[in-house]
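Residue numbers (full-length UniProt numbering): 1 to 326.
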């Protein structure tokens with residue numbers, strides 16, 4: 001077995017992203033140390049709650065922002081909400097939203113093919129986290145260039161984030177979350193740093209669950225021919241992102257789930273709260289009748305990245321449905 005591992009390494013070493021490998025493998029022992037400190041009571045409750053809040057806000061920037069707003073154009077947001085989501089996004093090191101949304105649109109359009117950035121056919125670990133340790137495959141790069149990104153490139157808030165990402169992301173993800181507990185309530189530096197790393201990996205693994213668990217397990221009530229499944233557990237853990245069979249069937253639905261499957265959908269409740277104060281508007285969702293009609297004919301496979309996909313007109317023409325929620 002060791003010989004095969006060495007052989008694989010020699011043949012593929014130019015494909016590895018060593019920075020990501022070092023971060024992921026280096027951070028996990030630190031996170032385990034932090035977990036011990038938290039469970040033993042050595043880390044203060046203030047530090048734990050502080051990092052939980054940061055993790056929640058960082059993940060919300062992915063679910064409500066990078067995902068439903070910018071990747072799928074499932075609703076529109078006024079500038080205060082757009083700016084807030086971008087600022088929250090500095091709390092979690094993944095990629096600038098422009099890059100994140102481009103890759104996510106590619107994932108939807110070419111799901112479970114060689115052009116899928118985290119193709120679940122390549123294995124559970126690859127879909128969960130392994131994809132980030134390897135350079136993008138040629139087909140991913142090729143097909144990614146065919147995805148319309150004009151709205152992302154013309155978004156001034158996103159361009160601002162992209163420009164200053166490598167300056168503000170380390171500040172928001174690693175530096176301030178470590179300094180604040182140590183300075184304001186005299187947390188030890190070891191606890192402040194390690195618990196923050198635990199928080200960061202917690203968010204990464206939550207995101208990974210969507211790509212791995214929700215693309216491997218779960219019910220397929222809306223399209224039995226695609227890989228994603230609906231998982232209540234993943235929904236509960238990821239602020240409502242686990243109804244993945246539904247989501248890949250109706251990626252432009254701002255709810256991310258069908259009626260009757262919204263209980264754990266904290267992202268939806270956040271968007272609705274923002275709509276109440278006028279920050280979110282033109283939320284798109286198919287009617288219950290259309291959802292039932294789609295589920296009744298689950299034999300057809302659909303690959304859309306969201307609202308704006310050139311092929312969405314075929315779906316609109318077929319169903320003749322109203323697409324916005326006031």
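Backbone N, C-alpha and C fix where the C-beta goes; we use that ideal spot for every residue, glycine too. Because the structure is a prediction, the values reported are computed rather than measured.
Beta-carbon spacing of residue 177, residue 57 below 8 Å | no
From the DSSP output, in three-state form, read off residue 300 for me.
-> Confidence at residue 300 is low in this model, with a pLDDT of 45, below 50, so its placement is unreliable and the value that follows should be read with caution. Coil at residue 300, not helix or strand.
Exposed or buried, which one is residue 129 when buried takes at least 16 other CB atoms within 10 Å?
-> Flag for residue 129 reads buried.
For residue 71 and residue 101, believed in contact at Cβ under 8 Å, the rounded distance = 4 Å
What alpha helix (DSSP H) runs, 4 residues minimum, are completely inside the region 63 to 149?
-> As far as the region 63 to 149 is concerned, its whole alpha helix (DSSP H) runs of at least 4 residues are 79 to 89, 97 to 109, 124 to 128 and 138 to 144.
Could you tell me if residue 289 is buried or exposed, where buried requires 16 or more neighbouring beta carbons within 10 angstroms of its beta carbon?
-> Under this definition residue 289 is an exposed residue.
Cβ-Cβ separation, residue 266 to residue 239 (assumed contact under 8 Å), whole Å | 4 Å
How many whole angstroms separate the CB atoms of residue 257 and residue 246, which I take to be in contact at a CB cut-off of 8 Å?
-> 6 Å
Among 297, 85 and 231, which one has its Cα closest to the Cα of residue 223?
-> 297
Nearest-angstrom Cα separation, counted from residue 183 out to residue 215 | 42 Å
Output the boundary residues of the alpha helix (DSSP H) element that contains residue 50.
-> 45 to 60
Thinking C-alpha only, which one of 244, 212 and 199 is nearest residue 219?
-> 244
Nearest-angstrom Cα separation, counted from residue 174 out to residue 78 | 29 Å
Less than 8 Å between the CB atoms is what I'm expecting for residue 285 and residue 253, so what's the real figure, rounded?
-> Residue 285 to residue 253, Cβ: 5 Å. Contact.
Reducing DSSP to helix, strand and coil, say where residue 220 ends up.
-> coil
Nearest to residue 109 by CA position, among 143, 268 and 41, is which residue?
-> 143
Report yes if the CB atom of residue 340 is closer than 8 Å to the CB atom of residue 282, and no otherwise.
-> For residue 340 there is no data in the structure shown, the boundaries of the chain being 1 and 326.
Expressed to the nearest angstrom, what Euclidean distance is found between the alpha-carbon atoms of residue 166 and residue 116?
-> Approximately 26 Å between the Cα atoms of the pair.
Report all residues from its chain with a CB closer than 8 Å to the CB of residue 300; omit the five preceding and five following residues, and keep chain order.
-> Caution is warranted here: a pLDDT of 45 is assigned to residue 300, below 50, making its placement in the model unreliable, and no coordinate value can be reported.
Whole angstroms is fine: what's the gap from residue 111's alpha carbon to residue 169's?
-> 29 Å
Helix, strand or coil: how does DSSP classify residue 261 here?
-> coil
Under the assumption that residue 277 contacts residue 133 (Cβ atoms under 8 Å), give the Cβ distance between them as a whole number of angstroms.
-> Contact doesn't hold; Cβ gap of about 41 Å is too wide.
Helix or strand or just coil, what does DSSP make of residue 186?
-> coil
Using the beta-carbon count (16 or more within 10 Å), is residue 153 buried or exposed?
-> Around the beta carbon of residue 153, a 10 Å sphere encloses fewer than 16 other beta carbons of the protein chains shown; the residue is thus reported as exposed.
Mind checking who residue 280 pairs with in its DSSP beta bridge?
-> 77
Going along the chain, which residues of its own chain have a beta-carbon closer than 8 Å to the beta-carbon of residue 268, five neighbours each way excluded?
-> 240, 254, 255, 256, 257 and 262
Residue 37 and residue 31 closer than 8 Å at C-beta | no
Comparing the C-beta of residue 218 with each C-beta of chain D, is any distance below 8 Å?
-> The structure shown contains no chain D, having only a single protein chain.
DSSP-derived helix/strand/coil call for residue 27 = helix
Leaving aside the five residues before and after residue 18 along the sequence, list all residues of the same chain whose C-beta is less than 7 Å from its C-beta, in chain order.
-> none
Which residue from 41, 228, 47 and 157 puts its Cα closest to that of residue 66?
-> 157
Is residue 186 buried or exposed, if buried means 16 or more other CB atoms sit within 10 Å of its CB?
-> exposed
In the DSSP assignment, what are the bridge partners of residue 243?
-> 230
Residue 16 - DSSP class collapsed to helix/strand/coil = strand
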